[in-house]
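Q:
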Amino acid sequence: IPSTMSELGVPIKYIEEDQSSVSADVLGGGKITYGSSVGTVTICGTSKGSNAVLTAGHCVTEGTAYKYNGSTLGTGYYSCYKTEQFYDYGVIKVTGSGQTMTNKVYNNANYTTITSTKSVSSSLVGTTVCKYGASRGFATGTVDKVNAVVSYTSGVTLYGMSRVTFNSDSPNKGYKGDSGSPVYAGHVLYGIYSGDNADTSTGSDATFYWFSPINGVGSD
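Structure, rendered in structure tokens:
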């Protein structure tokens, strides 16, 4: 099982060990807050020998303090979210105490154990994937585009992104705060929820979202 996200050299390596039990303090896809903003943990890992978590890059500011479900999590360490650049991911160094690092993410009932990552390619189009976000929770959707160029309202244009359209029978979909959600199928992690077309003026959920492929994230 590969334990590294890619070979680009940016420091994050995900946790492989499967814990026999979990607790309320487990780090597994829960809500992160920074000031008044909200995001979601993608997966746990290590960075330069320290515990760390992965999330969306636009959620991470170096030196900023972060909380996880209301408790101290750590400090922003690295962000990849710049115009005319590939991908959207960030690393937070974990400094909080009493939190268990794990290779689990939330699903619609309890936890899913992530045992591997997989590159995004054209063969993924048509595949049903899951996400679990801090705002709207669990939802399923279908990958309908890969290796796309996306221009966000923030002025940032990203390359190499993939799009998922929410399935109509999924009761929950996506909204602001779901950024960083793990995008997975079975026990395989494919990417990081980046942006969507939710309408914040009306409070309407998104009908689709973009995710940053996990093979675009580096390893320590």
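Using the numbering used here, the first residue of the sequence shown is number 7, and each one after it goes up by one.
Beta carbons are placed, not taken as given, at the ideal position from N, Cα and C, and that holds for glycine.
This one's a predicted model, so the numbers in the text were calculated from it and none came from an experiment.
Can you check DSSP and say which residues form a bridge with I120?
A: In the DSSP output, where bridge partners are listed per residue, I120 has none listed.
Q: If I measure Cβ to Cβ from G36 and keep anything under 8 Å in the same chain, skipping five residues before and after, which residues do I get?
A: T46, V47, Y74, N75, Y112 and A140
Q: Counting only the same chain and skipping the five closest in sequence on each side, list residues whose C-beta sits under 7 Å from that of N153.
A: Within the same chain, N153 has close Cβ partners G166.
Q: With S53 and V97 assumed to form a contact (beta carbons below 8 Å), what rounded beta-carbon distance in angstroms separates them?
A: 5 Å
Q: Please report how far the alpha carbon of D150 lies from the alpha carbon of A62, in whole angstroms.
A: 21 Å
Q: How many Å lie between S27 and C65 at the Cα?
A: With a pLDDT of 47 at S27, under the threshold of 50, the predicted position of this residue should be treated as unreliable, and no value is reported.
Q: Looking at the unbroken beta strand (DSSP E) that takes in G51, where does it start and where does it end?
A: I49 to S53
Q: Should the segment 85-101 be called in touch with the segment 171-181, which here means at least 3 C-beta pairs below 8 Å?
A: no
Q: Would you call the CB atoms of S218 and Y138 closer than 8 Å?
A: Taking 8 Å as the Cβ cut-off, S218 and Y138 do not qualify as a contacting pair.
Q: Could you tell me the boundaries of the beta strand (DSSP E) in which V189 lies?
A: P188 to A191
Q: Using only the alpha-carbon positions, how far apart do V223 and G51 sit?
A: 12 Å
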